[in-house]
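S.K.: So the sequence lines, in the order shown, correspond to chains V and R.
Sequential numbering from 23 applies to the first sequence in the numbering used here.
Sequential numbering from -16 applies to the second sequence in the numbering used here.
Before I ask anything, let me first share the structure, which is written out below as structure tokens.
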Amino acid sequence: VTRAPEPPRLARRLLARALPDDVREHVDGDLLETYARQRDRHGATRARLWYWTQAASFSARFLVERLRVAALRARRPGPGSLRDRVAPSALDVKLGVRMVAKYPGLSSVSVLGMAVAIAIGALVYGFVAARLDPTLPLEEGDRIVAVQTDRADVAGDVDQRVLHDFVLWRTALTTVRDLGAFQLGDRNLVVDDGGNGAVAGVVAVAEMSAAGFRVARVPPLLGRPLVDDDERASAPSVLVIGHREWQRYFAGDPNVVGRTVRLGGTPHTVVGVMPDGFLFPRNHGFWVPLRLDASQYPIGAGPPIRVFGRLADGVTFEQAQAQVATIGRRLAATYPETHEYRRPTVVPFAHDGNDGVDPDDVWVLYTFQLGAGLLLVVIAANVAALVYARTASRTAEIAVRTALGASRARVITQLFVEALVLSAAAAALGLSLAALALDWMEQVLTQKGVGVPFWFDLGLSPGMIAYAGGLALACGTVVGVVPALQATGRRAYGGLQQLAARGSSMQLGPTWTALIVAQVAITVAVLPASVHHASVLLRTSMRDSDYPAGEFLRAVISLDREEAPPRADSAEAAADQRRFAARFASRADALLQRLGSEPGVTAAFVSAFPGGEPYRRYEIEGAPDRGSAVASAGDAQTTVRAAPSSATVGLFELYDAPIVAGRAFVAADTVEGSSAVIVDTAFAARMPGGHALGRRIRRARVGDEVGPTPWLEIVGIVADPRSTTDDPDDIALPNVYRAAPLGALRRDGVQEASILLRVRTRSGVTPAFTRRLGDMVAAADAGLKLRDVRTDAEVLRSGARLLRTFALAVAFATLSVLLLSAAGIYAMLSFTVAQRRREIGIRAALGANPRRIVSSIVTRASAQLGAGVVVGLTLALALDLATGGMVMGRPSADTVGLRGVVVLMPVVAAIVMAVGLLAALGPARRGLAVQPTEALRDE
Amino acid sequence: VAHQGLGEFEQMVLLAILHLRGEVYGVPIVDEIERRTERSVSRAAVYITLRRLEEKGLVSSWMSEPTPERGGKPRRCVRVEPRGLQLLRESRATMELMWRGLDPRLEGTR
């Protein structure tokens, strides 16, 4: 059995970026081959280490090789040319590296700060780019499109029941070629290995037109792709599998073509294997032909499908759009009842359905990016201040170089290159941080079983690297060129004159004061909020669950339809649906009873798992509505945010949750139209006026819903151990429960229906219990599938890990900003005071009272710092108002709402003041220590 | 390409290709050099050398069919071109001219 080699993914990705195009493929293959050999000989750990070494070696050597080739190509300019006089040399780089080593503190603080900012900037850029302009990693992927039918009557709604339209488009559209459609679903895969037919698992299957393979332009690795003939109803059932699946379920069997597997109840013959990385249309590894007969459905009906194609040669996006719109108008005129509001449009394939971005949201993304950019500006300005102070101390050196014949441009170039060394190191570190973050994100997503569409490349994209490079260049400019411009020029000659007097000085002005004020303001405005949010996240992640999470299990139960439903919107279809629903209900009931008969086991069906419920706002009867409450926003809460869920009767027994007021659910509450709800104590605590029992609430309207939702009466209050917390910043929301019949909890799909199962076993979930659960499910019905089985403990653990990591990331970014701010404020203030050292000495020599001198310095520094604090507080308040409490946290429900951030702000302000005053006092004392004779001699 | 002699490493790579039979690509070339010289060589250096040799027209290459155990990646197979053979012969002749008559002295100093 050949297993596919799995070298470290991050290393492989780095390698792929580092290698030139012409060698990437075969070097990757050669290394995979050797890696497999290493692993067989020396074990996985040593093989991985070996692979990392190779990745590093290849990256470094090919980088040098590229530089060598570039150097050979570049012609050297003649002597004395402008380029020669200004162009940075290796010596500049060497000097830059030497400066880094000479000031290790300044360098590490600067590099760390800029690295964090560049990492965040690159990540945000990558995210925004992936959302706004996803590129399909396929040949001419930008010409692959989806034909999507928007509803003109419901904003943002997409109509997927377009089978008839699709058939028409296929013949009428000349601007889009290879039109195809697909449906997504999952099935039980049964791989026949030696006759016992073990279920291999539930797999995602794409039912796709053969055109999909033509559109993607990827040939199969083995066998053949799907062809148009496979779509005939009478054709044998065939299946194409992906590389990953081939390795996983067939152990890479080279004779897999021709083998038979079962998907659900139907045997399928494997006809082809697609190469590694082919996941079209979403994240798929199983493809079966899409067999739909439009004549079976009335116009405007049919199963939901998604339509795709490739722009014909020479056709622009707009031309295709125009043709599709024309056909759409014609259809709307012919079939007004069904097509009046249908607006077919051509969109980039990756924007299809919910994967794209609402144009209205684009600015949110850009704001996000702008915010990350601002962070970098703040940090770069800080580093610039630090470097400026250093540059100022080098006026003499610059003067000497100028006197020896260096042009101003040459000196600036040198200082620029020095800064660039810093920012390049920061970019390298930042990109590594970003790569780690992405790798971690991918792990989390894979663990959660989220199928990321194949065009989401969760890795460093060339765009991100270029963006980081641009950021580094911008940083280098701010950090190097601005101070250099200040330090050179006419002042350099002044510097030379002063060199004779063994001193150095750069002028300071109002700019300096403004910088200090801005610096302090931003620190005071931004830091407390960020510390607060990090601590809330951390607190939430650390909180122990108050219920025995190890006893709870969640799973999805689904039932395949035995055969395809009757292809008509007829009485027959309705009868079939009733039959299927009855079968589903009887199987689910049987399962529930089997579970109930187990000792210590309770179970219920639910509409959503804890934490997975949608968030909704509830209006409370008698409380002023939101419109009139705007003026007093903040003190009177008129709506309560909560997580609604429905369940079969018995949910509270499952949790041992006592009813503290009112009553529990009874069978009558499950009848459709029942208005009984039970809220938890957390919800009751948030009700204005305190009491909840007997009051009526209703769900606030969502999106385009028309008319009010029905009033619901609170018949009971439950003390739910999972949600009782009085932390106003808690992310967990209060719960609103309704009782529902089994049928209302069923989620109907095309091929199957599913329901969510909650099980508690008092003896704790063991592997043996999980196996028994699987047996019970299989015993209830062969078509019944059990999937996504997880214990609450697992879910909580992974959730906590996610939060903790995120909190740490926020804390890390905050800390580096604080560090830099302190360093920047220190550098600026000590520099301004140091400028006055001689003045201080002279004043002391002339007999001024030392205390008065110090107090004048402290007063001036305090004024600058104080102004900063005031501006900062104003900024924070303004931001808080503008974002509706996003900056300073939510006030608690019942107290007057002292926000966590309000406590933090004076603390941060005090720290900033202390740092600033310390910075001012040091040079002041040194100034006072100067002997009066010395101070006068300097003049 | 102007006339250039072959570097030591280039010669080693060319000779390793000539020693091998069947599909000659990166992995066996590295193995062959390591086996014969009993030293480990940098893989990256071998691939860079192969690339340079091809640029100079001393070897030619073609892609083989992708195979599954390599994650569906093709092999780049190489062959020494007549011009490569000629330069190898010249290098050997040059070195032999330089070596001629030195054996007694080298033996003596040992």
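Ideal Cβ positions, reconstructed from N, Cα and C, are used throughout, including at glycine.
Please read all numbers here as calculations on a predicted model, not as lab measurements.
#1: Please name the residue, chosen from V:GLY949, V:ILE434, V:PRO320, that lies closest to ILE875 (chain V) on a Cα-to-Cα basis.
#2: For GLY517 (chain V), does the count of other Cβ atoms within 10 angstroms reach 16, so buried, or fall short, so exposed?
#3: Check for me: the alpha helix (DSSP H) holding LYS116 (chain V) runs from which residue to which?
#4: Along chain V, which residues have their Cβ under 8 Å away from the Cβ of ARG53 (chain R)?
#5: Taking all protein chains shown into account, decide if TYR147 (chain V) is buried (16 or more other Cβ within 10 angstroms of its Cβ) or exposed.
#6: Chain V partners of LYS56 (chain R), CB-CB under 7 Å?
#7: Does DSSP classify ALA626 (chain V) as helix, strand or coil?
#8: By the criterion of Cβ-Cβ separation under 8 Å, what are the contact partners of VAL10 (chain R) in chain V?
#9: Just reading off the alpha helix (DSSP H) that GLU861 (chain V) is part of, what are its end residues?
#10: Can you give, in chain order, each stretch of the beta strand (DSSP E) that sits fully within the region 291 to 315 of chain V and has at least 3 residues?
#11: So, does the CB of PHE80 (chain V) fall closer than 9 Å to a CB anywhere in chain R?
#12: According to DSSP, is ASN376 (chain V) helix, strand or coil?
#13: With distances taken from CA atoms, which of V:HIS554, V:VAL45, V:TRP72 is nearest GLU37 (chain R)?
#14: Output needed for SER23 (chain R): all residues of its chain with C-beta closer than 7 Å, excluding positions within five of it in sequence on either side, in chain order.
#15: For GLN345 (chain V), would you say it is in contact with chain R, using Cβ-to-Cβ distances shorter than 9 Å as the test?
#16: Going along the region 696 to 716 of chain V in order, which residues come within less than 8 Å of chain R, judged by CB to CB distance?
#17: Residues of chain V with CB closer than 8 Å to the CB of ILE31 (chain R), please, in chain order.
#18: Taking C-beta pairs closer than 7 Å, name the residues in chain V that ALA28 (chain R) reaches, listed in chain order.
#19: Would a C-beta distance cut-off of 9 Å place THR692 (chain V) and VAL740 (chain V) closer than the cut-off?
#20: Cβ atoms of MET935 (chain V) and VAL891 (chain V): under 9 Å apart, would you say?
#21: My output table needs one value for PHE204 (chain V): the three-state DSSP class, helix, strand or coil.
#22: How many Å lie between ALA707 (chain V) and HIS713 (chain V) at the Cα?
#23: Strictly below 9 Å CB to CB, what residues from chain R border ASP62 (chain V)?
#24: Give me, in chain order, the residues of the same chain whose beta-carbon lies closer than 6 Å to that of GLU641 (chain V); leave out the 5 immediate sequence neighbours on both sides.
#25: Relative to the C-alpha of ASP179 (chain V), which residue among V:ILE933, V:THR367, V:GLY572 is closest?
#26: Per DSSP, what kind of secondary structure is ALA228 (chain V) in: helix, strand or coil?
#27: Beta-carbon separation of ALA801 (chain V) and SER580 (chain V) under 9 Å?
#28: Below 8 Å, how does it come out for the region 117 to 132 of chain V and the region 436 to 455 of chain V: are there three or more Cβ pairs, yes or no?
#29: Taking DSSP as the reference, what is the three-state secondary structure of ALA698 (chain V)?
#30: Under 7 Å Cβ-Cβ, which residues of chain R neighbour ASP298 (chain V)?
#31: Starting from ARG23 (chain R), find everything on chain V with Cβ-Cβ shorter than 9 Å and list it in chain order.
#32: Give the range of the beta strand (DSSP E) segment to which ILE166 (chain V) is assigned.
#33: What did DSSP end up calling LEU795 (chain V) once you bin it into helix, strand or coil?
#34: Kindly provide the ranges of any alpha helix (DSSP H) runs that are 4 or more residues long and lie completely inside the region -2 to 74 of chain R, ordered along the chain.
#35: Could you tell me if ASN277 (chain V) is buried or exposed, where buried requires 16 or more neighbouring beta carbons within 10 angstroms of its beta carbon?
#36: What did DSSP end up calling GLU641 (chain V) once you bin it into helix, strand or coil?
M.R.: In terms of the structure at hand:
#1: V:GLY949
#2: Note that GLY517 (chain V) has pLDDT 45, beneath the 50 cutoff, so the model's placement of it is unreliable and the number below is only indicative. So GLY517 (chain V) counts as buried.
#3: 112 to 124
#4: GLY51, ASP52, LEU54, GLU55
#5: buried
#6: GLU47, HIS48, ASP50, GLY51, LEU54
#7: strand
#8: ASP52, GLU55, THR56
#9: 859 to 867
#10: 308 to 311
#11: yes
#12: Because the pLDDT of ASN376 (chain V) is 45, which lies under 50, any placement of that residue in the model is unreliable, and the number read from its coordinates should be weighed accordingly. The answer is helix: DSSP assigns ASN376 (chain V) an H, G or I state.
#13: V:VAL45
#14: GLU17
#15: no
#16: none
#17: ARG83, PHE84, GLU87
#18: ARG83
#19: no
#20: yes
#21: strand
#22: 8 Å
#23: Neighbours of ASP62 (chain V) on chain R: none; closest Cβ ~12 Å, over 9 Å.
#24: THR661, ARG720, ALA722
#25: V:THR367
#26: strand
#27: no
#28: yes
#29: strand
#30: GLY54, GLY55
#31: Here residue 23 (chain R) turns out to be Ser, not Arg, going by the sequence shown. In chain order: nothing, as chain V lies at least about 11 Å away.
#32: 166 to 173
#33: helix
#34: 9 to 20, 26 to 38
#35: exposed
#36: strand
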